[in-house]
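K.L.:
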Amino acid sequence: MNAIKNKWVLLIPVVLVVIAVVVLLVQSAGPKTTIVTGMVETKEIDVASKIPGRIDSLFVQKGQRVHRGQLLAHLESKEIDAKVSQAKAVMEAAKAKWDMARHGARPEEKEAVEKLYLQAKHQYEFAQKTYNRLQEVYKDSVVSAQKMDEVTFKYNAAKEQMEAAKAKYDMVLKGAREEQIRAAEALYRQAEGAYNEALAYQQETRLISPIDGIVRDCIADKGEIVAAGYPVITLIDPQDAWVVLQLREDQLKGLKLGETLSGTIPALDKTVDFKVDYIAQMADFATWKATNQKGDFDLKTFEVHLRPKDSVQGLRAGMTVRIKLH
Numbered sequence: 001m002n003a004i005k006n007k008w009v010l011l012i013p014v015v016l017v018v019i020a021v022v023v024l025l026v027q028s029a030g031p032k033t034t035i036v037t038g039m040v041e042t043k044e045i046d047v048a049s050k051i052p053g054r055i056d057s058l059f060v061q062k063g064q065r066v067h068r069g070q071l072l073a074h075l076e077s078k079e080i081d082a083k084v085s086q087a088k089a090v091m092e093a094a095k096a097k098w099d100m101a102r103h104g105a106r107p108e109e110k111e112a113v114e115k116l117y118l119q120a121k122h123q124y125e126f127a128q129k130t131y132n133r134l135q136e137v138y139k140d141s142v143v144s145a146q147k148m149d150e151v152t153f154k155y156n157a158a159k160e161q162m163e164a165a166k167a168k169y170d171m172v173l174k175g176a177r178e179e180q181i182r183a184a185e186a187l188y189r190q191a192e193g194a195y196n197e198a199l200a201y202q203q204e205t206r207l208i209s210p211i212d213g214i215v216r217d218c219i220a221d222k223g224e225i226v227a228a229g230y231p232v233i234t235l236i237d238p239q240d241a242w243v244v245l246q247l248r249e250d251q252l253k254g255l256k257l258g259e260t261l262s263g264t265i266p267a268l269d270k271t272v273d274f275k276v277d278y279i280a281q282m283a284d285f286a287t288w289k290a291t292n293q294k295g296d297f298d299l300k301t302f303e304v305h306l307r308p309k310d311s312v313q314g315l316r317a318g319m320t321v322r323i324k325l326h
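According to the working numbering, the sequence shown is numbered sequentially starting from 1.
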């Protein structure tokens, strides 16, 4: 009986070793899972103005949430304000000329022109009578040639003045010609375009948020002068986030665009499904260099982007994500 017990005692370690070997063989024969770590990045937008100016007001601060259309900052630009006023005055003057060409002269203007014409007509009639009388006596040598020349000059001048006044009076009665109206309208449209352009530049003094996001940084402060196109505020869009992985080419085996991978976000204690959105080779400096061991060779490094399949509340730039590669 004791001999049998001793045999079982000796067999137990052997059985345990056999079981362990079988388990290891099963595990090694099964698919291997590789865990890689990536980092969350989000879309960044630099808010800038098309025109230079001094920052007059800054309405947000770093870390603040903002909404699309919200006023972030205001630039002071006296030059733009002056151009707007100038363009507005030119436009209003052109509009007045166009209205005058379309509607013609006012009744009081017509009356004034008519009076000038009648006055010139009376002067001409008087000069004509004087000229006719003197011409009769001039034949009899009663009036000198110099006097006759003087009367003739006044007669001709009065006639020309009357004709000019009559032409102006007729023009006022008829109104502007069609081509004059079109020309006046074209000048007004041109002035209106210049005014709208000046207004558009003036709107550039107001820096508006293009998205719902978070202020990442205020690059310039109140009172500073910024150049055209210089970023004043940087925004991040937490809704547009992705995970960046750097994988050796031997880790890309079977990985393709649109594939779904599972990842754990330690900061949120969540497991999330991600979709492969981007795969591209990185620069040569990221190439994995082989050692001198026999059979080794250099491996390129690829950048892979993964986007969450569903919105993840609380996901922030800089968080790490542990991704399982099949």
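For each residue, glycine too, the CB sits at the ideal point set by N, CA and C. Since the structure is predicted, the reported quantities are computational estimates derived from the model, not experimental observations.
Name, in chain order, the residues that DSSP records as bridge partners for Y278.
P.N.:
Taking the sequence shown and counting its residues from 1, one reaches residue 278 at position 278. Paired residue(s): H305.
K.L.:
Do the segment 98 to 117 and the segment 240 to 250 make contact, defined as three or more Cβ pairs closer than 8 Å?
P.N.:
Flag = no, the segment 98 to 117 and the segment 240 to 250 do not touch.
K.L.:
Nearest to D277 by CA position, among I236, D212 and A241, is which residue?
P.N.:
The residue labelled residue 277 in the question sits at position 277 within the sequence shown. Of I236, D212 and A241, the residue nearest in Cα terms is A241.
K.L.:
Where does D170 fall in DSSP's three states?
P.N.:
Position 170 of the sequence shown, counted from the start, is the residue given in the question as residue 170. The answer is helix: DSSP assigns D170 an H, G or I state.
K.L.:
Apply the 10 Å Cβ neighbour rule to F274 and answer buried if 16 or more other Cβ atoms are within range, or exposed otherwise.
P.N.:
Residue 274 sits at position 274 when you count from the first residue of the sequence shown. Its Cβ being crowded by 16 or more others within 10 Å, F274 is buried.
K.L.:
Could you compute how far the alpha carbon of Q251 sits from the alpha carbon of Q313?
P.N.:
For the purposes of this step, residue 251 is taken as residue 251 along the sequence shown, with counting starting at 1. For the purposes of this step, residue 313 is taken as residue 313 along the sequence shown, with counting starting at 1. Going by the C-alpha atoms only, they are around 30 Å apart.
K.L.:
Would you call the CB atoms of A73 and L207 closer than 8 Å?
P.N.:
For this step, residue 73 is matched to residue 73 along the sequence shown. For this step, residue 207 is matched to residue 207 along the sequence shown. For A73 and L207, yes; Cβs fall inside 8 Å.
K.L.:
What number of angstroms, rounded off, separates the C-alpha of E125 from the C-alpha of A167?
P.N.:
Counted from its first residue, the sequence shown places residue 125 at position 125. Counted from its first residue, the sequence shown places residue 167 at position 167. Spanning the two alpha carbons is a distance of roughly 17 Å.
K.L.:
Could you give the C-beta distance for T234 and E44, rounded to a whole number, given that I count them as a contact under 8 Å?
P.N.:
What you label residue 234 is simply residue 234 of the sequence shown in a count that begins at 1. What you label residue 44 is simply residue 44 of the sequence shown in a count that begins at 1. At roughly 6 Å, the Cβ-Cβ gap stays under 8 Å, so T234 and E44 are in contact.
K.L.:
Is E192 helix, strand or coil by DSSP?
P.N.:
In the sequence shown, the residue the question calls residue 192 occupies position 192. Correct three-state label for E192: helix.
K.L.:
On the criterion of 16 or more Cβ atoms from any shown chain inside 10 Å, does A112 qualify as buried, or is it exposed?
P.N.:
Working through the sequence shown from its first residue, we reach residue 112 at position 112. It counts as exposed.
K.L.:
Rounded to whole angstroms, what is the Cα-Cα separation between P266 and T37?
P.N.:
Against the sequence shown, residue 266 aligns to sequence position 266. Against the sequence shown, residue 37 aligns to sequence position 37. Using only the alpha carbons, I get a separation of about 11 Å.
K.L.:
Compare the C-alpha of C218 against each of E136, Q202, I236 and A228 and name the closest.
P.N.:
The residue labelled residue 218 in the question sits at position 218 within the sequence shown. Looking at the Cα atoms, I236 is the closest of the given residues.
K.L.:
Would you report the Cα separation of Q61 and D221, rounded to the nearest angstrom?
P.N.:
For the purposes of this step, residue 61 is taken as the residue at position 61 of the sequence shown. For the purposes of this step, residue 221 is taken as the residue at position 221 of the sequence shown. About 10 Å.
K.L.:
Given a threshold of 16 other Cβ atoms within 10 Å of its Cβ, counted over all protein chains shown, does K107 qualify as buried or as exposed?
P.N.:
Along the sequence shown, one-based indexing puts residue 107 at 107. For the sequence presented, residue 107 should be read as Pro rather than Lys. Exposed is the call here.
K.L.:
Please classify T33: does DSSP put it in a helix, a strand, or coil?
P.N.:
Counting from 1 along the sequence shown, the entry for residue 33 is found at position 33. Coil, per DSSP.
K.L.:
Using the three-state DSSP reduction, which class does L247 fall into: helix, strand or coil?
P.N.:
Taking the sequence shown and counting its residues from 1, the one referred to as residue 247 is at position 247. Three-state result, L247: strand.
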